[in-house]
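In mature numbering (1 follows the signal peptide of the UniProt record, and there is no 0), the protein residues as written are -16 to -1, 1 to 112.
All C-beta atoms in this analysis are idealised placements derived from N, C-alpha and C, irrespective of residue type, glycine included.
These numbers were taken from a predicted model, which means no experiment stands behind them.
As structure tokens, the structure follows; a few thoughts come after it.
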Amino acid sequence: MKKIIILLLISSGCFADGYPNNITGLYKCKGSEIDTGLVFFCKMNIKKTQATYDVITKCNDGTFYLGTGIYDVVKHNLSLIFMNPKNKEETGVAMVDIKEDGTMTSVWTHLNKTTLGHMNCGKSFIAG
């Protein structure tokens, strides 16, 4: 019986999907603005906080956003609410799709908007 249990434990790893187990870390992102379509660049830091994730995003135009997300490990989606602490009109929601290679694609909008912005992110292995 012990041999069967050990074999089951060893073989269970063979069926794990190829998605990253850990989405925390620093990401480099490129996106487009909702109203203008202008391209922007950001650095996003994701930290695990008990059952949720803290997301801090700093962009090349000097803006930054604070967010809280819930990660669905089965669907590999991060649902996120965010805000710009200096401009409350830049409060919104995002749906982030985590790819097998660890990259992220997201669609987002601000409250009371009818258009979507887009952002793509890749894991950054260099701090800063």
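According to DSSP, residues forming a beta bridge with residue i
i, result
"Phe25", "Lys14"
"Phe66", "Gly51 and Gly76"
Own chain partners of residue i with C-beta closer than 8 Å, once the 5 adjacent residues on each side are dropped
i, result
"Thr47", "Asn68, Lys70, Asn71 and Glu74"
"Thr8", "Ile30, Lys31, Lys32 and Tyr37"
Cutoff 7 Å; reference residue i; Cβ partners in own chain excluding five residues on either side
i, result
"residue 121", "This structure does not reach residue 121, given that the chain is present from -16 up to 112, and the question cannot be answered."
"Lys42", "Cys26, Lys27 and Phe48"
Best match in the options for proximity to residue i [C-alpha to C-alpha]
i, options, result
"Leu95", "Thr87, Leu64, Met103 and Val80", "Leu64"
"Val91", "Asn61, Thr36, Thr8 and Gly9", "Asn61"
"Lys97", "Ile18, Tyr37, Asp85 and Met88", "Ile18"
"Thr20", "Val80, His102, Ser108 and Phe109", "His102"
Span of the beta strand (DSSP E), counted from its first residue to its last, around residue i
i, result
"Ala78", "Asn71 to Ile82"
"Ile40", "Thr36 to Cys43"
"Val91", "Met88 to His94"
"Thr52", "Phe48 to Asp56"
Close beta carbons around residue i, own chain, < 6 Å, minus the five adjacent residues each side
i, result
"Ile78", "For clarity, residue 78 is Ala in the given sequence; the question names Ile instead. So the list reads Leu64, Ser90 and Trp92, once near-sequence residues are dropped."
"Lys14", "Phe25 and Asn104"
"Met88", "Val80, Ile82 and Cys105"
"Gly86", "Pro4 and Lys107"
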